[in-house]
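Worksheet: one structure, shown below.
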Ligand SMILES: [Zn+2]
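Residue numbers (the numbering used here): 1315 to 1406.
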């Protein structure tokens, strides 16, 4: 994952974004949110911010093993602006 797709700015280099935290899966109860392992090798739901761009907060659903981004959404109040962009891992 060398690039991330911002809904406002388009595809941008990963250096423009800052990772914030890994999120619990949707529908998880309070126990799971605290105790369940959320950083799985094949699926991760994370908050990122486009700090060197529009500063939007993004919810990124990705596969950490191969760097594939399955979905990028705006956080809080902008759920309608969902975009799906594949970003394949480029080992270069
Ligand atoms: Zn942006």
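Don't be surprised by glycine CBs; every beta carbon is placed ideally from N, CA and C.
These numbers were taken from a predicted model, which means no experiment stands behind them.
Give the secondary structure of residue 1383 by DSSP, where H, G and I count as helix, E and B as strand, and everything else as coil. strand
So what's residue 1339 in DSSP terms, helix, strand or just coil? coil
Please go through the segment 1344-1383 and give each complete alpha helix (DSSP H) segment of 4 or more residues, from N-terminal end onward. Runs found: 1344-1349.
Are residue 1361 and residue 1373 closer than 8 Å when you measure CB to CB? Yes, the pair counts as a contact, with Cβ atoms nearer than the cut-off.
Tell me the rounded alpha-carbon separation between residue 1408 and residue 1346. Lying outside 1315 to 1406, the shown extent of the chain, residue 1408 is not represented and no answer is given.
For residue 1322, verify whether its CB is less than 7 Å away from any heavy atom of ligand 1. yes
Would you mind sorting residue 1320 into buried or exposed? The rule is 16 or more other CB atoms within 10 Å of its CB. buried
Any heavy atom of ligand 1 closer than 7 Å to the CB of residue 1375? No, the Cβ of residue 1375 stays beyond 7 Å of every heavy atom of ligand 1.
Alpha-carbon spacing of residue 1367 relative to residue 1356, whole angstroms: Residue 1367 and residue 1356: Cα-Cα distance of roughly 28 Å.
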